Amino acid sequence: MELTAVGKRYGRGGRWILRGVDLSAGPGELVRIAGANGSGKSTLLRLAAGIERPSAGRVARPGTTAYVPERFPPALPFDVVSYLVRVGRVHGLSADRARRRAGEWLDRFGIADRAGTPLSRLSKGTCQKVAVAQALLAEARVLLLDEAWTGLDPQARAVLDEAAAERAAAGGTVLFVDHDPARLEGLTSAAYLVGADGALRPVDDATAVPARGGPVMEIEVDVPDGAPLPDRLPGAPERTALAGTAVRLAVPAAHSDALLRRLLLGRPAVRVLAVRPCGETGPGTSEGER
Amino acid sequence: MTGQVGPLARYHLELLLRSHAWLPPFLTYVLLLVIGVEAGDPLLGSLGLGAGLLLPVSAWCVRGALAAEPPSSRACLVAAAGPARVHLGALLAALTVSLVLAAGQVLAVWWTAGQVANRGATAQPEVGSALLAGLLASVVCALLGVSAGALADRPVLIRGPYGIPVALTLATLLLVVPVSPANAAVRGLVEAARTGRVAVPWVQLLLAVALLAACCAGVAALAGRRPE
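Going down the list, the protein sequences come from chains A and B.
All residue numbers for the first sequence refer to our numbering, where the first residue is 505 and numbers rise by one.
All residue numbers for the second sequence refer to our numbering, where the first residue is 73 and numbers rise by one.
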C-alpha cells in the first residue's frame, strides 16, 4: 500500500484537505491515522480504498481491498447472509466459501441468529457488525477501517481488535481511524497525524511505544519448529533466548494480553510455557498450546 | 479481475428487483402498451410501438439501478472491485431488465395481436419472421435506451435536476433522428406493417451493440476518474 505525494481537494481552487501525503505500509503493518475532526482522515482512507481519486499524486494498492465505512446504510433490501454472500462473491470468493465465512463472522460477532433478518430491521449496532463482517470475510490484502468500532458493543470491539491484529499477522496491511487513542494499543506498527494543513506526519504513538517502568510480565514460549517470532509483537517485548527453541519475552503488563493473543493466534505456532509477573520464579500461571 | 463484473451485475440486479426500483418503469411501460395496443391490432405495427416505447423505459431502468445503491455500500464494493466495474455491474443489471421487457413485450403483443400486417398490405408475411424482426427491434431500442440512461446519470451528469430531462431528450432524439438504429428498426416495422415485406434489423442490432459497448466503456472509464 503506497501513497506518493497524494493531494486531495474538491473542485479547482478548493482547500487542500490532504497535501503531499506520502504513506507506505507493507504486509503485516497496522497503521493508525489520527487527526482532529474534519482533518481528512476519512478522506485519506477513501483515497486508499480507491473510492475517491487523488487530485494529485498516486495511490498504489498491492491487491484486494476491503473497506468499512463510517456509516453503513440499513437501506439495502437484503437479509444479512445474502448481503454478505453477495459482497463475498464480488471479492472473488466462491458462493460456498462466502457463505461459510459469513457464517463464521456472524458467529464471532454473536449475531448468528440474525442471519436471515433483513438489514432494514437491524439495530444500528448490529448493522455495524454486518458492515465490519463484509470487510473481514474478504480476507483482503488491505483492510481499511474508518471508525469501524463506533457503535459496536464492547465484545464486538474486542472481536474487531483481534480481527485487525489477525489480518496484520497474516500478512495483510491494516489502516485504521478511531477516536479512541488506546485502540489497538501495543499492536500498531506506525501512527500518523493528519494536520490542519493537510500534511501527514509520523507521530510517536504513545500506544505503539509501550510505557516503561510499570509492572512487567514474563511470557516463556516454545516455538516447536524453530521459526523466528515476528519482528513486531504487541508491546515490543524484550527477548531472551532460552534452552532449545524456547524464548522468554518480557513485556509491560498492560500489553501482555495483546501479546498472548497475538502469540496464540498468529504465526508461527507457539506453545506457551509460562506466564508470570517479572521476578517470580517457579511454574507458570497458565499453559496452553496452539 | 473481469470475473468480478458477473457477481456485481447479479448484486445490482437483485438490488434493482428487491428495492422495487424496477416497478415504476415496468408499470409505465405496461400502461403505455395497454393504451397503445388493442387486442386484434396487426402484429407488426404493435411490435413497432412496443419497441419504440421501450427506449425511454430502458433509460429509466438505468436510473433505477444506479439510484438503488446507497453511497456507503457502494463504497464497500468500489474498494473491492473498483469504480468502473461497479458501474458496469449496475448498467448490466438495467440491461438485463430491459431485455426481459423486450422479450415480454413481443410475447404479449403476439398473444393479443390479430393478423400480421395491416389490412391493406400487399402480402401477409409469416408470423415467425415478424416476431424475429419485432424482437430484434425491441432489443435495439433496449440497448439504446440503456445507453441514453447511462449518459444521463452519474458519472456524466453528477448532480442535479437535469438527469431526467436529458434522458428523455436523448431517448426522443434516438427515436426520431433518421440515422439512429432505433429509428431505423422501428420504421422498418411500421413499413413492414404497411407493405407486408419484413426486414429483420440485423445491421441496426450490430450498430446498437457497438454504440452501447462504446457508451459503457466511456462511462465506466469516467466512473473510474470521477468515482463520486
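Think of the CB as a built atom: it goes at the ideal place given N, C-alpha and C, for glycine as much as any other residue.
Here the structure is a predicted model, which is why all the values come from computation and not from measurement.
Beta-carbon contacts of residue i that lie in its chain and below 8 Å, excluding the five residues immediately before and after
i              : result
residue 113(B) : 184, 185, 186
residue 306(B) : Missing from the structure shown is residue 306(B); chain B here goes from 73 to 300 and no further.
residue 608(A) : 641
residue 700(A) : 540, 543
residue 235(B) : 135, 224, 225, 229
N- and C-terminal bounds of the alpha helix (DSSP H) containing residue i
i              : result
residue 813(A) : There is simply no residue 813(A) to check, as chain A begins at 505 and stops at 794 in what is shown.
residue 665(A) : 658 to 673
residue 107(B) : 95 to 108
residue 168(B) : 155 to 184
residue 548(A) : 545 to 553
residue 756(A) : First-last for residue 756(A): 750 to 756, but that is the beta strand (DSSP E), not the alpha helix (DSSP H).
residue 240(B) : 235 to 248
residue 629(A) : 628 to 640
Own chain residues within Cβ distance below 6 Å of residue i, not counting five before or after
i              : result
residue 195(B) : 268
residue 555(A) : none
residue 559(A) : 511, 512, 513
residue 253(B) : 212, 276, 279, 280
residue 506(A) : 528, 564
Where residue i falls: helix, strand or coil (DSSP)
i              : result
residue 789(A) : Summary for residue 789(A): the model assigns pLDDT 49, below 50, so the residue's position carries little reliability; its value from the coordinates is reported in the next sentence. Residue state, collapsed to three classes: coil.
residue 83(B)  : helix
residue 587(A) : helix
residue 263(B) : helix
residue 123(B) : helix
residue 528(A) : strand
residue 516(A) : coil
residue 270(B) : coil
residue 562(A) : strand
residue 192(B) : coil
residue 743(A) : strand
residue 217(B) : helix
residue 580(A) : coil
residue 799(A) : A question about residue 799(A) goes unanswered here, because the residues of chain A that appear run from 505 up to 794.
residue 228(B) : coil
residue 720(A) : strand
residue 622(A) : strand
residue 489(A) : The shown model of chain A, from 505 to 794, leaves out residue 489(A), and the question about it has no answer.
residue 135(B) : helix
residue 256(B) : helix
residue 187(B) : coil
residue 111(B) : coil
residue 150(B) : helix
residue 128(B) : helix
Buried versus exposed call for residue i [16 or more other C-beta atoms within 10 Å across all chains shown]
i              : result
residue 592(A) : buried
residue 541(A) : exposed
residue 789(A) : Annotation note: pLDDT 49 at residue 789(A) (below 50); position unreliable, coordinate value reported separately. The residue is exposed, with fewer than 16 neighbouring Cβ atoms inside 10 Å.
residue 109(B) : buried
residue 251(B) : exposed
residue 248(B) : exposed
residue 242(B) : buried
residue 287(B) : buried
residue 782(A) : exposed
residue 284(B) : buried
residue 221(B) : buried
residue 659(A) : exposed
residue 161(B) : buried
residue 690(A) : buried
residue 627(A) : exposed
residue 516(A) : exposed
residue 106(B) : exposed
residue 599(A) : exposed
residue 218(B) : buried
Spatial neighbours of residue i in its chain, beta-carbon cut-off 7 Å, leaving aside the 5 residues before and after
i              : result
residue 657(A) : 629
residue 639(A) : 570, 571, 572, 647
residue 636(A) : 572, 652, 664
residue 553(A) : 569, 571, 648
residue 574(A) : 546, 650, 651
residue 675(A) : 531, 532
One or two residues paired with residue i in a DSSP bridge
i              : result
residue 680(A) : 536(A), 649(A)
residue 697(A) : 538(A), 705(A)
residue 571(A) : 648(A)
residue 511(A) : 560(A)
residue 780(A) : 722(A)
residue 522(A) : 512(A)
residue 141(B) : Note: residue 141(B) sits in no beta bridge, so no partner.
residue 506(A) : 528(A), 564(A)
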